[in-house]
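Undergrad: Questions regarding the structure given below will be posed in turn.
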Amino acid sequence: MTQALAVEPTVTPRQRHRPDRPSMLAVGVIIWLGSEVMFFSSLFASFFTIRAHASVWPPAGAKLDTLQAGIFTLVLLSSSFTMQKAVWDQERGDRRSAKTWVVITIILGAMFVGNQFYEWITLSHDFATNPTHTAFGSLFYIMTGLHGLHVFLGLVAMGFLLGRLQGPKGDPGETPVFQGVSYYWHFVDIVWVGLYSCLFLLK
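Read in my numbering, the sequence shown has 19 at position 15, and its numbers run on one by one without any break.
Laid out in structure tokens, this is it:
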């Protein structure tokens with residue numbers, strides 16, 4: 005009489021984490037982004053409160069380049085697609101392609117930040133958009149400045165991703181990190197759509 009022995013299947017490090025569902029790290033990032041939603045919501049609330057009490061908004065003489073800002077809005081939104089492509093390639097094990105898409109995302113994000121600096125320098129010379137002269141100018145620099153800081157931190161995080169991709173293949177923690185950074189980047193992009201609509205389109 006033979007006795008059947010239960011054989012425990014071998015689980016590889018990559019199998020311990022299923023790419024089709026968020027990891028604990030990614031869930032933690034989502035929870036943290038909830039606090040970021042509250043933070044930016046307070047900024048939007050301040051914006052609409054001050055705007056409601058202003059007789060003219062934006063102030064006369066405000067020279068906002070809506071077209072240029074719109075172009076770089078598309079640049080930033082495009083970086084969401086390239087970041088997501090990097091995540092998908094990393095989950096499939098194509099680290100070389102993932103690295104390429106991360107680099108492209110960094111370039112697009114850097115282009116957006118560069119345009120922000122150009123706008124800040126240009127608008128600071130106009131009375132209507134100078135942060136020390138008008139409420140609109142103050143809100144413009146505070147809101148775009150805080151968002152720009154978040155974009156910069158996202159670029160730093162992507163640099164960290166490139167470092168992870170230089171390491172040995174099969175790291176079980178690599179996919180969760182990619183997911184977390186992608187969630188953060190998508191959030192930053194969505195926030196900018198709201199900022200662009202309020203600061204450049206809403207009259």
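Note that CB positions come from ideal geometry on N, CA and C, so glycine has one too.
Which whole-angstrom value describes the C-beta separation of Leu-166 and Val-106, a residue pair presumed to lie in contact below a C-beta threshold of 8 angstroms?
TA: That belief holds up - the Cβ atoms of Leu-166 and Val-106 are roughly 6 angstroms apart, short of 8 angstroms.
Undergrad: With 16 as the cutoff for other CB atoms within 10 Å, does Trp-189 come out buried or exposed?
TA: So Trp-189 ends up on the buried side.
Undergrad: Three or more beta-carbon pairs under 8 angstroms between the stretch 191-206 and the stretch 66-78, yes or no?
TA: Touching, per the Cβ criterion.
Undergrad: Can you tell me where the alpha helix (DSSP H) holding Asp-130 begins and where it ends?
TA: Note, Asp-130: premise wrong, no alpha helix (DSSP H); not H, not E.
Undergrad: If I follow the unbroken alpha helix (DSSP H) through Ser-46, where does it start and stop?
TA: Ser-46 -> alpha helix (DSSP H) spans 28-56.
Undergrad: What ranges does the alpha helix (DSSP H) occupy inside the stretch 58-137, keeping only unbroken runs of at least 4 residues that lie completely in it?
TA: Qualifying alpha helix (DSSP H) stretches, in chain order: 70-95, 99-127.
Undergrad: Which term fits Asp-175, buried or exposed, when burial requires 16 or more other beta carbons within 10 angstroms of its beta carbon?
TA: That one is exposed.
Undergrad: Buried or exposed for Met-87, going by 16 or more other Cβ atoms inside 10 Å?
TA: Answer is buried; the Cβ neighbour count reaches 16.
Undergrad: If I measure Cβ to Cβ from His-137 and keep anything under 7 angstroms in the same chain, skipping five residues before and after, which residues do I get?
TA: Closer than 7 angstroms at the Cβ level, and outside the excluded window around His-137, lie Phe-131.
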